[in-house]
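Reading through the structure tokens given below for one structure.
Residue numbers (the UniProt record's numbering): 1 to 1255.
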């Protein structure tokens, strides 16, 4: 301030300011100083000199009261008596002993001097370097945190550190003074460099750098052992040194550790230089015994640094160590081995074989070592040797060996069990389950048995599983002989509820066999078959059976024509079964005891120039007593199907075993070869197995060549083994598919060619060609006549019956195409067909036990037919239109073509072939196989619902179309076989045949087909339409009564009413609306649930609120006939006895009432005519519109009139016995019926077989 007043004003105002008062501070004026601060005083200047200098007036001084000398700052504070002296001194420049000094006022109240602008700046010291070891710097460089700590610590000493660059050969740390140093006292500035250098040196000394000279070999030996996280280890190969850098304590520890490691390595290297290696040969088990005795523990205790290893693959102990240690240990091992004792043990051969297949070390561990038994076993040539340390261990080991190892065997009756895929899967499963552990087993097949050997627990379990498998898969056959074929049929038809469950147990039941119709044959798993035999014996013991013989002219033909009618009558009235004995059954009965030889009937006989007799006979090869018989075998000599199977059954399982031994010894046989075995239980001496070829039309010449070769080889074997007679079948004509004509011609020509080389002195004198099938005998006969000329004796193409009575049968109806293809209509069962090919209808699941057609073929052919069909269908997309081919087996055909047909109401939806395409394919397949004949049943006319007239016309159309397009070379005959019980189908085919005969106008030598031959005894019997009380029309069709009634269908009390609805079963219109509303919401819901499930346009629900029990909901269709038929079949399956229909199609659909009526009544007539035992007996059609009642009544009357004209009976058939009696009472018939196309009638006895539950 310039003026004192201004100063006072400011102080007063400042002190009164409220914020100053809040901070509790105040202002005052600075006093006049009495002291001065003198700086830059040379240290050599004494204190007294300074006082004298400033008291001198010359220098403006005055009296000095006090002087305070500060040597570290080279300054002094001088206090004067008067303040004005200070002002004088400050105005001058001063110098002490020629050294300039600085003078400043010093205020005691402030304790500081006021320098103003005149004070000189302190000169800062220069930076200086500090050298650091490169390894030390490398350590610091890798520890960033440590660098930060050093920098921070030096900053406290007014230092700034500049670290060396990363790549530096001689690193230096540059130390710079910090800005804080300028604020320090001058005395501190002067000594800063010395202090900073000292402090930095002390800090760096906290880390230590140690260098140790070491060669590379030593360093490589210890480097992995010397690992320190807080010590940096640096190697310098050029200087052969190792540098340790880190905290002083850590480096010291690392240095001591490295020293110890080096010492140990040096010792180790010296030991290795002196170490030797020795080996001792010893088995793994012996080595284990030694280890169990503490070998390794003892060695480690005595010689810790001795290494001992064992190589199991080489069975060697290797010792590494100093010579003295190695040789001493080796000697000790030999001593232990020599002291080991052994003991032989006798065990069963089956257990010995098991021990040969397992590892003795693993089994010893399980049996002995796990139980603290120090022993093991080895195998000698025929015994087991136990080794151990002490005898007690060997005794215990023997006990454990005999206790824990065992074997069990399973006897085999059927050696084919072990060849099954399931057997292989089971054994593989057992091996996987048990052999993955130590407790192993061995399963081996020996002669006629299976042996399981191994650990006793697992053997018991495996034996149980394998025994169960063998019991369930050992297939045996047992024949139960009954009094007559009627008994067999009665058991099959009437007692099925008692035996039907056997089918589910894998048993094949054959009612009647190829040899005898009065035998029930069971084949399947042994346990199940034996129980089944017991069951059938119990069933048979409760039945009664008699045979009645009638020797009247025409008796048999009369009853045969009406057989189905009389059978049904007897069943309904007497609950018994009646059948007529066939002529072939007489041959069966009389032929059972005949011996083989020329006293049997010969069909052909010729004696050649060299004295060898060739004879053709129809006989059973299994009963042939010739010296040797020929079996038509396969490459593996497995007796599967056909003749081979029958020979095995007669010979016993020993035959198959001997064949397996030959295959095991020689391998599989090639086609054209032959081999010989014993005959075992057969009446012949030996059996020759001829391996025939499988027929391939593309390699026809080669197949014939191989077949001839197999015959020649068979004849050579017979002559070589000095046999006088041989029986040869039609080799390869069965399941191998060789065409019969080519087969017989090849065999006969091969015999002729072979016999030309035989001399009169050869042993072989008689050759029998033998078969049981008529077509084979006929083919052989024709070939023999062609090759050798006429027979020496009368030739019978077919065997005679017991009585010389010609069989009375109608001549088959026939038609021929322009190309010469013959079409023949026959009335018989499909299983009786005798052609090269038979066509069968089968469902998509390929099960032959469902439809009547398939069941009939399966019963005759045998179970092999189902097996082959299943195999044929595997891996294929089976759908409608597929045709699969199998062999015929016991049928009188070579092949069966199985066709999968779509249902009639599904044929438009199906994208597969229709019925016409299937017929065409069957014809083409037959022609391609070079076969001459094929049989079609009326497929599709049964459950599949095809209209019978449609099927009849389609069959004829397709055959004519095929004949014209293909002009077949091989196919000569097409047979249509119609069952005698199916009158309407028969009539449809007869009508079609007659219409074609009349159109073709062929020669008069071709007679017009007569439907009488087919219709007699098979038509449905009608009662004329009549009227019940109240004017209700009715008609009796066999057991079925059809009624017409005007009224409301919802009021009917019956088992079921029919509702015609839409695809979703929710139609609310017309009659359907009335039915659904009357039934109630529960039925509506049930319809909705069933509609979402698979259905065939038909569902069945409860009756709900209606008086009926059930409602059959049927989707609307244009085919009324099919709808009624489908409904009746559904009722049949559900065992309904009554059903009520509306007048289908006459309401909202507006169909022609006449056609609707005809279609409905036709369907009812078809059902009653084709169903032998109808379940539905009451059928009613409810007419809601009164004027339609007359239309349906007229249709009913027309059907009754047509039935009368066709010759149908007018009343319910009489009982069978009554018919028999009436037949023999002379009575003039009202109308004389002359059967058309019959041979002359001759006398033949009729034998009636009767069977029932009660005497």
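Don't be surprised by glycine CBs; every beta carbon is placed ideally from N, CA and C.
| Check | Outcome |
| --- | --- |
| Give me the Cα-Cα distance between residue 986 and residue 935, rounded to the nearest whole angstrom. | 15 angstroms |
| Please go through the segment 876-926 and give each complete beta strand (DSSP E) segment of 3 or more residues, from N-terminal end onward. | 883-887 and 895-899 |
| Of all the options 889, 846 and 1097, which has the alpha carbon lying nearest to the alpha carbon of residue 876? | 846 |
| If we call anything under 8 angstroms between Cβ atoms a contact, is residue 883 one with residue 838? | no |
| If I measure Cβ to Cβ from residue 1 and keep anything under 6 angstroms in the same chain, skipping five residues before and after, which residues do I get? | 7 |
| If you draw a straight line from the C-alpha of residue 777 to the C-alpha of residue 644, how long is it? | 19 angstroms |
| Is it true that the CB of residue 901 sits closer than 8 angstroms to the CB of residue 923? | no |
| Report yes or no: do three or more beta-carbon pairs, one from the segment 194-206 and one from the segment 220-237, lie closer than 8 angstroms? | no |
| Would you call residue 656 buried or exposed, if buried means 16 or more other Cβ atoms sit within 10 Å of its Cβ? | buried |
| Under DSSP, the alpha helix (DSSP H) around residue 153 begins and ends at which residues? | 144-155 |
| Tell me the rounded alpha-carbon separation between residue 161 and residue 174. | 6 angstroms |
| Within 10 angstroms of its Cβ, does residue 1189 collect 16 or more other Cβ (buried), or is it exposed? | buried |
| Just the C-alpha distance for residue 107 and residue 101, rounded to the nearest angstrom, thanks. | 19 angstroms |
| Is the Cβ-Cβ distance between residue 533 and residue 543 less than 8 angstroms? | no |
| Going straight from the alpha carbon of residue 1259 to that of residue 359, what length do you get? | Because residue 1259 is not part of the residues shown, which for the chain are 1 to 1255, the question remains open. |
| What residue does the alpha helix (DSSP H) around residue 559 start on, and which one ends it? | 555-561 |
| Just tell me which of 646, 391 and 318 has its CA closest to the CA of residue 340. | 391 |
| To the nearest angstrom, how far is it from the Cα of residue 977 to the Cα of residue 840? | 11 angstroms |
| Have a look at residue 972 and residue 820 and give me their C-alpha separation to the nearest angstrom. | 7 angstroms |
| Exposed or buried, residue 501, counting other C-beta atoms within 10 Å across all chains shown (16 or more means buried)? | exposed |
| Pick from 929, 545 and 716: whose alpha carbon is nearest that of residue 700? | 929 |
| Starting from the Cα of residue 1160, find the closest Cα among 1184, 988, 1126 and 137 and give me that residue. | 1126 |
| Nearest to residue 61 by CA position, among 1057, 85 and 885, is which residue? | 85 |
| Between the alpha carbons of residue 862 and residue 1191, how many angstroms are there, rounded? | 52 angstroms |
| According to DSSP, is residue 1012 part of a helix, a strand, or is it coil? | For residue 1012, the predicted model reports a pLDDT of 42, less than 50, meaning its position is unreliable; a value from the coordinates is still stated below. In this structure, residue 1012 counts as helix in the three-state DSSP scheme. |
| Run through DSSP, which three-state label would residue 63 get? | coil |
| So what does residue 1100 bridge to, in DSSP terms? | 1112 |
| For a test of the three-state rule: what should DSSP assign to residue 521, helix, strand or coil? | strand |
| For residue 288, does the three-state DSSP call read helix, strand or coil? | helix |
| Roughly how many angstroms lie between the CA atoms of residue 769 and residue 975, to the nearest whole one? | 29 angstroms |
| Where residue 1153 and residue 1145 are concerned, what is the direct C-alpha to C-alpha distance, given to the nearest angstrom? | 8 angstroms |
| Residue 289 to residue 352, Cα distance in whole Å? | 22 angstroms |
| Is it right to say residue 866 is buried, meaning 16 or more other beta carbons lie within 10 angstroms of its own, or is it exposed? | buried |
| Can you confirm whether the segment 423-436 touches the segment 487-500 when touching is taken to mean that 3 or more C-beta pairs between the two stretches lie within less than 8 angstroms? | no |
| In three-state DSSP terms, what is residue 49? | helix |
| Please look up how many angstroms separate the CB atoms of residue 31 and residue 109, rounded, as I've assumed it's under 8 angstroms. | 6 angstroms |
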